[in-house]
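In the numbering used here, the protein residues as written are 181 to 495. Presented below is the structure to which this report refers.
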Amino acid sequence: MKVLIAEDDAPSLRMLQSLLTKWGYSVTSARDGNEAWKILCDTQHPSLVILDWMMPGIEGIEIVRRLRMNEGGTPHYVIITTTAGSGNSAVQALDAGADDFVGKPFNHGELQARVAVGRRVTGLHQALAEKLQKLEAANETISRLARTDDLTGLHNRRSFNDFFALALSAARRHGHPLSLISIDLDYFKAVNDSFGHTGGDLVLKEFSNLMQEMVRAEDLAVRWGGEEFIILLPQTNCEAAAALAERIRSKFEQTPGSAAPLAMTASFGVAELQDGEHEDDLIRRADEALYRAKNEGRNRVVIAKKKRTRRKATN
Ligand SMILES: [Mg+2]
Numbered sequence: 181m182k183v184l185i186a187e188d189d190a191p192s193l194r195m196l197q198s199l200l201t202k203w204g205y206s207v208t209s210a211r212d213g214n215e216a217w218k219i220l221c222d223t224q225h226p227s228l229v230i231l232d233w234m235m236p237g238i239e240g241i242e243i244v245r246r247l248r249m250n251e252g253g254t255p256h257y258v259i260i261t262t263t264a265g266s267g268n269s270a271v272q273a274l275d276a277g278a279d280d281f282v283g284k285p286f287n288h289g290e291l292q293a294r295v296a297v298g299r300r301v302t303g304l305h306q307a308l309a310e311k312l313q314k315l316e317a318a319n320e321t322i323s324r325l326a327r328t329d330d331l332t333g334l335h336n337r338r339s340f341n342d343f344f345a346l347a348l349s350a351a352r353r354h355g356h357p358l359s360l361i362s363i364d365l366d367y368f369k370a371v372n373d374s375f376g377h378t379g380g381d382l383v384l385k386e387f388s389n390l391m392q393e394m395v396r397a398e399d400l401a402v403r404w405g406g407e408e409f410i411i412l413l414p415q416t417n418c419e420a421a422a423a424l425a426e427r428i429r430s431k432f433e434q435t436p437g438s439a440a441p442l443a444m445t446a447s448f449g450v451a452e453l454q455d456g457e458h459e460d461d462l463i464r465r466a467d468e469a470l471y472r473a474k475n476e477g478r479n480r481v482v483i484a485k486k487k488r489t490r491r492k493a494t495n
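Next up, the structure:
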């Protein structure tokens, strides 16, 4: 384990260096407070620190205060040393944030034991930091899984709800357009009937991959449930959204997939958020457009009718 020793008295420094090295530590040394502080500001600095209180430059006790103020990650373990018998030195050092205090001249056995405590505590801090890092990574995975559809890897409804709320508020605040495409695979039941659910799952994955490749990074492709999908398109009007829907429709129609020889197609309903429109109404209008696409023969894109906006009667 690496230890920083800051000590301005040359014989004391030599003695500490030789003892610590003998006890199996790897020693970095500083001859005054400024040098010690410089080393501690380095990213790869030792986390076990032995500081002389009285040093030219920055005093040991001031270094501890600074360390405690700036500490973000794994905390340092700091032992302050000074000549014994100087009043309430130990109390002052501990109050300033030191972990321990050892008076000079050193009792070697005591010093060795106290440094060993520092090593143990530092080890615990590091183990805790590693566990915390793993926990954070696991939380990230859990949170990603909670927002992802298992089969297709697309966003799920929960993710849609969060993203939709943000996109709506941004669209309303900045007056940007916001569009939504509601999608349903045509005659999907026939796929399941002919190829079983495994075949059906493959088609859902193929459609999802195709859709995912064609949307922009800022769009949100969602598996709504079964063979239903939604794409949310921020800063996009219904004409641009319909153009994307048409590209996806045409590509899907032309791509022979797992369900060949069944000709797979999809129907699309497109709606753009209107002034003062409630989000549920936007989804409803996209769905109504999708039903029209179905009723008009499927494999097509239909743009939702605009709701008539009520105008105030003027005299
Ligand atoms: Mg000194």
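Glycine residues also receive a C-beta, built at the ideal position from the N, C-alpha and C atoms.
Inset, instruction - Run through the segment 311-373 for me and flag every whole beta strand (DSSP E) of 3 or more residues, listed as ranges in chain order. - result: 358-365
Inset, instruction - Measure the beta-carbon distance from Val271 to Val258 and round it to whole angstroms, keeping in mind my assumption that it falls under 8 Å. - result: Position 91 of the sequence shown holds residue 271. Position 78 of the sequence shown holds residue 258. Not really, about 15 Å apart at Cβ, beyond 8 Å.
Legend entry - Among Gly477, Arg464 and Lys474, the one whose alpha carbon lies nearest that of Leu496: Outside the shown range of the chain, which is 181 to 495, sits residue 496, and nothing can be said about it.
Inset, instruction - Whole angstroms is fine: what's the gap from Val207's alpha carbon to Gln224's? - result: Position 27 of the sequence shown, counted from the first residue, corresponds to residue 207. Position 44 of the sequence shown, counted from the first residue, corresponds to residue 224. Going from the Cα of Val207 to the Cα of Gln224 covers about 13 Å.
Inset, instruction - Give the range of the alpha helix (DSSP H) segment to which Tyr471 is assigned. - result: For this step, residue 471 is matched to residue 291 along the sequence shown. Looking at the DSSP string, the run of the alpha helix (DSSP H) that includes Tyr471 is Glu459 to Asn475.
Inset, instruction - Output the distance between the C-alpha atoms of Lys385 and Arg327, rounded to the nearest integer angstrom. - result: Residue numbering aside, residue 385 sits at position 205 when the sequence shown is read from its first letter. Residue numbering aside, residue 327 sits at position 147 when the sequence shown is read from its first letter. About 17 Å.
Inset, instruction - Assign Ser339 to one of two classes, buried (16 or more other C-beta atoms within 10 Å of its C-beta) or exposed (fewer than that). - result: Here the question's residue 339 lines up with position 159 in the sequence shown. The residue is buried, with at least 16 neighbouring Cβ atoms inside 10 Å.
Inset, instruction - Output the boundary residues of the alpha helix (DSSP H) element that contains Ser447. - result: As a first step, residue 447 is located in the sequence shown; it is residue number 267 there, counting from the start. Counting along the chain, Ser447 falls outside any alpha helix (DSSP H), though it belongs to the beta strand (DSSP E) covering Ala446 to Glu452.
Legend entry - Residues passing the C-beta test against ligand 1 heavy atoms, cut-off 6 Å: Asp188, Asp189, Asp232, Met234 and Met235
Legend entry - Straight-line Cα distance separating His335 from Ile322: Indexing the sequence shown from 1 puts residue 322 at position 142. Indexing the sequence shown from 1 puts residue 335 at position 155. Cα-Cα distance, rounded: 14 Å.
Inset, instruction - Consult DSSP for Val183 and reduce its assignment to one of helix, strand or coil. - result: Start at 1 with the first residue of the sequence shown, and residue 183 comes out as number 3. The answer is strand: DSSP assigns Val183 an E or B state.
Inset, instruction - Within 10 angstroms of the Cβ of Pro441, are there 16 or more other Cβ atoms? Answer buried if so, exposed if not. - result: Counting from 1 along the sequence shown, the entry for residue 441 is found at position 261. Under this definition Pro441 is an exposed residue.
Legend entry - Status (buried if at least 16 other CB within 10 Å, exposed otherwise) for Gly449: Start at 1 with the first residue of the sequence shown, and residue 449 comes out as number 269. Buried: at least 16 other Cβ atoms inside 10 Å.
Inset, instruction - Specify whether the segment 294-306 and the segment 366-376 touch according to this definition: at least 3 beta carbon pairs, one from each stretch, less than 8 Å apart. - result: no
Inset, instruction - Alpha carbon to alpha carbon, how far is Asn417 from Leu312? Give it in angstroms, no decimals. - result: Here residue 312 corresponds to residue number 132 of the sequence shown, with the count starting at 1. Here residue 417 corresponds to residue number 237 of the sequence shown, with the count starting at 1. Computed Cα separation, rounded: 44 Å.
Legend entry - Separation of Leu231 from Asp188, as counted between CA atoms: As a position in the sequence shown, residue 188 is number 8, starting the count at 1. As a position in the sequence shown, residue 231 is number 51, starting the count at 1. Answer to the nearest angstrom: the Cα atoms are 10 Å apart.
Legend entry - Cβ-based neighbour list, Gln392, same chain, cut-off 6 Å, excluding 5 preceding and 5 following: Within the sequence shown, the letter at position 212 stands for residue 392. Within the same chain, Gln392 has close Cβ partners Ala401.
Legend entry - Status (buried if at least 16 other CB within 10 Å, exposed otherwise) for Pro236: Here residue 236 corresponds to residue number 56 of the sequence shown, with the count starting at 1. Counting Cβ neighbours within 10 Å, Pro236 comes out exposed, since fewer than 16 surround it.
Legend entry - Thr494 versus Ala345: straight-line alpha-carbon distance, rounded: Locating residue 494 in the sequence shown gives position 314, where the first residue counts as 1. Locating residue 345 in the sequence shown gives position 165, where the first residue counts as 1. Caution applies to Thr494, whose pLDDT of 47 falls short of 50 and renders its modelled position unreliable; the model cannot decide the point.
Inset, instruction - Check the DSSP bridge columns for Leu412 and list the partner residues they point to. - result: Here the question's residue 412 lines up with position 232 in the sequence shown. Leu360 and Leu400.
Legend entry - Arg429 vs Val481 beta-carbon contact at 8 Å: Stepping through the sequence shown from its first residue, residue 429 is reached at position 249. Stepping through the sequence shown from its first residue, residue 481 is reached at position 301. For Arg429 and Val481, yes; Cβs fall inside 8 Å.
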